[in-house]
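Since the structure comes first, as structure tokens, the remarks are kept for the end.
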Amino acid sequence: MGDEPAARRHFESFRDDAQKRLKKNSRNALDTLDLARAFTRLGWKKQGWALGQKAMAMDPGKHLEFSQLLCLQGRRQEALDRLELAVQKGFSNCLRMKIHPDLQSLYNEPRFQDLLNRVLKR
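Just so you know, the sequence shown maps onto residues 1191 to 1312 in the numbering used here.
Here it is in structure tokens:
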């Protein structure tokens, strides 16, 4: 399965880094989403979701990043909806879509493959 204690230390470090960045600028939506994803990966889904909603209120255009949080929260169809919005709004980094670990739960979804193909054809 993997080294769970090492993974936990990694996400705790990621959480600490996001918290430091937010102390400098508490209105940064990307840093807030980073913290939301770290909380979710550490098992604090409720707190992660609350932070994610706060981040989306700050910057509703962060469709790709919010789709990552939605995946981690187990909301795959909503994640696909947000990912589709990202593609419609011009997102074009197919490599990021294909290899980002937060999107991994979508890899076998036909709709994800369709979105990936649309990005590749640009």
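For glycine and all other residues, C-beta sits at the position ideal for the given N, C-alpha and C.
Using the Cβ count rule (16 or more neighbours within 10 Å means buried), how would you classify aspartate 1193? exposed
Would you mind stating whether leucine 1255 and leucine 1305 have Cβ atoms separated by less than 8 Å? Checking the sequence, you will find glutamate at residue 1255 rather than leucine. Contact: no.
Secondary structure at aspartate 1271, three-state DSSP: helix, strand or coil? helix
Count the CB pairs spanning the segment 1244-1264 and the segment 1207-1220 that are closer than 8 Å, and state whether there are at least three. yes
Would you give the residue range spanned by the alpha helix (DSSP H) that alanine 1307 belongs to? Before going further, note that residue 1307 is asparagine rather than alanine in the sequence given. Counting along the chain, the alpha helix (DSSP H) containing asparagine 1307 begins and ends at 1300-1310.
Nearest to leucine 1293 by CA position, among Lys1311, Lys1279, Leu1310 and Arg1265, is which residue? Arg1265
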